[in-house]
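Trainee: The working numbering numbers the first residue of the sequence shown as 3 and each following residue consecutively. Even glycine gets a Cβ: it sits at the ideal position worked out from N, Cα and C.
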Amino acid sequence: MSDRASTTATTKPVSSKWGLLWLTLRAQRRNLIIGTLIGLLWTIGKVASPLLIRLGIDRGIREDDRLWLWAGLIAAAGLVAGTFTAFRRFYAFREARWTETRLRERLFSHIMSLHIGYHDRAQTGQLMSRSSSDLNSIQMFVVMIPITLSNMAMIASVVVILFVTDWFLALLALISLPLIQVLGARFSSAIHPAMLSVQAEQAELATVVEESVGGVRVIKGFGAERVQSAKLELAADDIRRESIAAARIRAVYLPAMELLPQVGLVAVLWFGGNRVIDGDLTLGGLVQFNVFVALLVTPLRMIGMTIAFAQRAAAALQRINEVLDVDSQVRDPDR
Numbered sequence: 003m004s005d006r007a008s009t010t011a012t013t014k015p016v017s018s019k020w021g022l023l024w025l026t027l028r029a030q031r032r033n034l035i036i037g038t039l040i041g042l043l044w045t046i047g048k049v050a051s052p053l054l055i056r057l058g059i060d061r062g063i064r065e066d067d068r069l070w071l072w073a074g075l076i077a078a079a080g081l082v083a084g085t086f087t088a089f090r091r092f093y094a095f096r097e098a099r100w101t102e103t104r105l106r107e108r109l110f111s112h113i114m115s116l117h118i119g120y121h122d123r124a125q126t127g128q129l130m131s132r133s134s135s136d137l138n139s140i141q142m143f144v145v146m147i148p149i150t151l152s153n154m155a156m157i158a159s160v161v162v163i164l165f166v167t168d169w170f171l172a173l174l175a176l177i178s179l180p181l182i183q184v185l186g187a188r189f190s191s192a193i194h195p196a197m198l199s200v201q202a203e204q205a206e207l208a209t210v211v212e213e214s215v216g217g218v219r220v221i222k223g224f225g226a227e228r229v230q231s232a233k234l235e236l237a238a239d240d241i242r243r244e245s246i247a248a249a250r251i252r253a254v255y256l257p258a259m260e261l262l263p264q265v266g267l268v269a270v271l272w273f274g275g276n277r278v279i280d281g282d283l284t285l286g287g288l289v290q291f292n293v294f295v296a297l298l299v300t301p302l303r304m305i306g307m308t309i310a311f312a313q314r315a316a317a318a319l320q321r322i323n324e325v326l327d328v329d330s331q332v333r334d335p336d337r
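#1: Closer than 7 Å by C-beta to Pro301: which residues in its own chain qualify, once you throw out the five before and the five after it? Chain order, please.
#2: With 16 as the cutoff for other CB atoms within 10 Å, does Ser191 come out buried or exposed?
#3: Using the three-state DSSP reduction, which class does Asp329 fall into: helix, strand or coil?
#4: If I measure Cβ to Cβ from Thr101 and keep anything under 8 Å in the same chain, skipping five residues before and after, which residues do I get?
#5: Is it true that the CB of Arg61 sits closer than 8 Å to the CB of Trp72?
#6: Could you tell me if Met259 is buried or exposed, where buried requires 16 or more neighbouring beta carbons within 10 angstroms of its beta carbon?
#7: Contact between the region 35-54 and the region 82-99 is defined here as three or more beta-carbon pairs at a separation below 8 Å; is this criterion met?
#8: Using the beta-carbon count (16 or more within 10 Å), is Glu206 buried or exposed?
#9: Whose C-beta lies closer than 6 Å to the C-beta of Tyr255 among residues of the same chain, with five residues either side of it excluded?
#10: What number of angstroms, rounded off, separates the C-alpha of Pro180 from the C-alpha of Gly58?
#11: How would you label Pro257, buried or exposed, when you count the other beta carbons within 10 angstroms and need 16 or more for buried?
#12: Report the residue from Thr284, Ala296, Gly274 and Gln290 whose alpha carbon sits nearest the alpha carbon of Leu262.
#13: Would you mind giving the Cβ-Cβ distance between Thr38 and Pro148, rounded to the nearest angstrom? I have them listed as a contact below 8 Å.
#14: Quick check: the region 315-326 against the region 197-204, are at least 3 beta-carbon pairs closer than 8 Å?
#15: Using a threshold of 8 Å, state whether the C-beta atoms of His371 and Val299 are closer than that.
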């Protein structure tokens, strides 16, 4: 083999972190749009329920006006929300698995095309980690894309309805949103390096396991079981340490992001309850406010989860790009 043909691979500058995922999602844009539209129909069902509850209390109970009709409409809205919840999750998980499959096929094909010199230097466990846990992190983030879009649509709809209904109570209910945004930004910047460390340690553990299983005859032949066991224990302890550090970050930020909307709920109950007693607000209107504020808790919490998944996906994409940006210098001869 000539010197040129035996030259090992070199690494190009790492490409845009999200470019690879964006190109993959573009090929799935039709189904992603369908999933998003289904999420909007889910939003309509979720938002309609509190409005119907208010009308059911104020008209069906207090005015004795066809309570059965309002109860049936509330049940229908719940049925719509439940049905489209199932379709929304189906499309989200299906497209996420397709994304994972396409990326895995591309990564495997690229690894197989690289020069043998690259595999002399690259650790098998590192490549296995990128092909499994890193791609799974990307898949978990893609699942959240249509779900998060529908959650954001519901948040926007609820905010508009609350301000149209009663701007003062709306301010009390939503006063915590800017704080949630600040916490989300800080959480994002804190969790990214922690998740990158966790994924790197997982790759190290996979390397130790692969080397131990692949060379088990050599290990037994030289009586090196304790040495390999010590390596595995050290790698497992490193993962535990980094995972606990990431868990501490979540324990600080995620509960706070979930607690803040509850503060608005307490404020609405106190001030709104006094206004109902004074006759300035109907009982149905107060219940509607409370239901809407309660509806905001889960979407806001899931947005926090999406931020965490996005940071894990960013770290995973960075590690995958490190492999895909390696260009083998083995070339077919010019003709």
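Mentor: So, from the listed chains and residues:
#1: Position 299 of the sequence shown, counted from the start, is the residue given in the question as residue 301. Excluding sequence positions up to five before and after Pro301, its CB lies within less than 7 Å of the CB of Asn153, Met156 and Ile157, all in the same chain and listed in chain order.
#2: In the sequence shown, counting from the first residue as 1, residue 191 sits at position 189. By the Cβ neighbour-count rule, Ser191 is exposed, with fewer than 16 other Cβ atoms within 10 Å of its own.
#3: As a first step, residue 329 is located in the sequence shown; it is residue number 327 there, counting from the start. For Asp329, the secondary structure class from DSSP, reduced to helix, strand or coil, is strand.
#4: For the purposes of this step, residue 101 is identified with residue 99 of the sequence shown, where counting begins at 1. The beta carbon of Thr101 lies closer than 8 Å to those of Leu23, Thr26, Leu27, Gln30, Ile140, Gln141 and Val144 in the same chain, with the five residues before and after it left out.
#5: As a first step, residue 72 must be located in the sequence shown, where it is residue number 70. As a first step, residue 61 must be located in the sequence shown, where it is residue number 59. Here Trp72 is near Arg61, since their CB atoms are less than 8 Å apart.
#6: Residue 259 sits at position 257 when you count from the first residue of the sequence shown. The residue is buried, with at least 16 neighbouring Cβ atoms inside 10 Å.
#7: The region 35-54, when compared against the region 82-99, does touch it at the 8 Å Cβ threshold.
#8: Translated into positions along the sequence shown, residue 206 becomes position 204. Residue environment: Glu206 is assigned as buried (16 or more neighbouring CB atoms within 10 Å of its CB, all protein chains considered).
#9: As a first step, residue 255 must be located in the sequence shown, where it is residue number 253. Leaving aside the five residues that flank Tyr255 on each side, the residues in its chain whose CB is nearer than 6 Å to its CB run, in chain order, Leu185 and Phe189.
#10: Reading the sequence shown from its first residue, position 178 is the one you call residue 180. Reading the sequence shown from its first residue, position 56 is the one you call residue 58. Within the model, the alpha-carbon separation for Pro180 versus Gly58 is close to 33 Å.
#11: Indexing the sequence shown from 1 puts residue 257 at position 255. It counts as exposed.
#12: Taking the sequence shown and counting its residues from 1, the one referred to as residue 262 is at position 260. The residue from Thr284, Ala296, Gly274 and Gln290 with its alpha-carbon nearest to that of Leu262 is Ala296.
#13: Walking along the sequence shown from the start, residue 38 turns up at place 36. Walking along the sequence shown from the start, residue 148 turns up at place 146. The beta-carbon distance between Thr38 and Pro148, rounded to whole angstroms, is 5 Å. This is short enough to meet the 8 Å contact definition.
#14: Yes, since at least three Cβ pairs between the region 197-204 and the region 315-326 fall closer than 8 Å, the two stretches touch.
#15: Nothing about residue 371 can be read from this structure; the chain reaches only from 3 to 337.
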